[in-house]
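These notes concern the structure reproduced below.
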Ligand SMILES: C[S@@+](CC[C@H](N)C(=O)[O-])C[C@H]1O[C@@H](n2cnc3c(N)ncnc32)[C@H](O)[C@@H]1O
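Put into structure tokens, the structure is as follows:
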């Protein structure tokens, strides 16, 4: 990997040493721990969970690859001429090469607090056309908004599968921050775990989701662990919250592009 080419910045790296919640202190250095959804009661992006992320995320998020495929098509449709793009929580950055290709003029800022995920992300873009256009920051959204991105505006903001790592109040704050970073005429792409309004539908989805995991070869115990993590370690990002928070920030109503059980993808634009 040629570190000299893709920039890796530890600017504002204070939240490299924090739990996934930017505002919560943590013990170990560079630990990004989340009590989020997955096959473990607690997720550690700098530990085993992060190491096996690429395979386990496809269990946790039904239609994970399709979600990213549709997200990429939306980027091509709305933002191919983008000059400044922000990816919040790129994780291992598997879709970064396609995004770089889809937005050939854009300079990308990648905000990722986990050291391990950031290293994977760097590997994903290493040697790829456009890697020089990436600026990697080891930082979380809330912290970056107070420091390195204080005055920043982007014409494309992407935040896939991050918001549900946070509780409802924090989600609202982060939605405001994402909106604040999206410039006039800009696009925000958002995906997250999101439960339906009706409890009966949620129950059906849970039963179906459990069956799907068994079909994928998970043990009963793994399935129960995953289901038990709901609203304990992963928090639903309600569509109403997204609509209200972004509406208050003058963004257009969210357009739902995709849903697979609890996984949803929205396109939100800031009108000209
Ligand atoms: C579930 S992964 C999603 C990765 C990728 N976007 C995807 O769709 O596969 C969540 C990522 O968000 C990162 N993350 C956690 N807290 C964050 C924060 N405050 N700001 C930005 N990213 C954060 C985690 O380190 C992790 O890499």
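In the working numbering, the protein residues as written are 28 to 299.
For glycine and all other residues, C-beta sits at the position ideal for the given N, C-alpha and C.
The beta carbon of residue 279 lies closer than 6 Å to those of 296, 298 in the same chain, with the five residues before and after it left out. Here residue 201 is buried: its Cβ has 16 or more other Cβ atoms, across all protein chains shown, within 10 Å. Where residue 163 is concerned, the enclosing beta strand (DSSP E) starts and stops at 161 to 164. Here the alpha carbons of residue 80 and residue 104 stand approximately 29 Å from one another. Taking a contact as a CB-CB distance under 8 Å, the pair residue 148 and residue 163 counts as one, their CB atoms being some 7 Å apart. Judged by their CB atoms, residue 181 and residue 113 are nearer to each other than the 7 Å cut-off. Boundaries of the alpha helix (DSSP H) around residue 238: 226 to 242.
With respect to the 7 Å criterion, residue 285 and residue 84 are not classified as neighbours on the basis of their beta carbons. Residue side-chain check: residue 123 keeps its Cβ at 6 Å or more from all non-hydrogen atoms of ligand 1. Residue environment analysis places residue 222 among the buried positions, since at least 16 neighbouring C-beta atoms fall within 10 angstroms of its C-beta. Your pair residue 232 and residue 263 does not check out as a contact, with CB atoms roughly 11 Å apart and the cut at 8 Å.
Taking a cut-off of 8 Å for Cβ pairs, the segment 153 to 160 and the segment 123 to 136 touch, as three or more such pairs fall below it. Under the three-pair Cβ rule at 8 Å, the segment 165 to 181 does not count as touching the segment 251 to 268. Where residue 187 is concerned, the enclosing beta strand (DSSP E) starts and stops at 181 to 187.
Its chain contains 219, 220, 261, 262, 264 as the residues whose beta carbon lies nearer than 6 Å to that of residue 191, once the 5 sequence neighbours on both sides are disregarded; these appear in chain order. If you draw a straight line from the Cα of residue 230 to the Cα of residue 246, it is about 20 Å long.
For the pair residue 82 and residue 93, the Cα-to-Cα distance works out to about 15 Å.
The beta carbons of residue 99 and residue 129 sit about 6 Å from each other, so the pair counts as a contact at 8 Å. Residue 270 and residue 240 have their C-alpha atoms spaced approximately 31 Å apart. For the pair residue 127 and residue 216, the Cα-to-Cα distance works out to about 16 Å. Counting C-beta atoms within 10 angstroms of its own C-beta, residue 228 has fewer than 16 neighbours from the protein chains shown and is therefore classed as exposed.
The beta carbon of residue 293 sits closer than 6 Å to those of 217, 281, 283, all from its chain and outside the five residues before and after it, given in chain order. Distance from residue 73 to residue 142 at the Cβ level is roughly 6 Å; contact confirmed, criterion being Cβ atoms closer than 8 Å. Between ligand 1 and the CB of residue 140, the shortest heavy atom gap is smaller than 6 Å.
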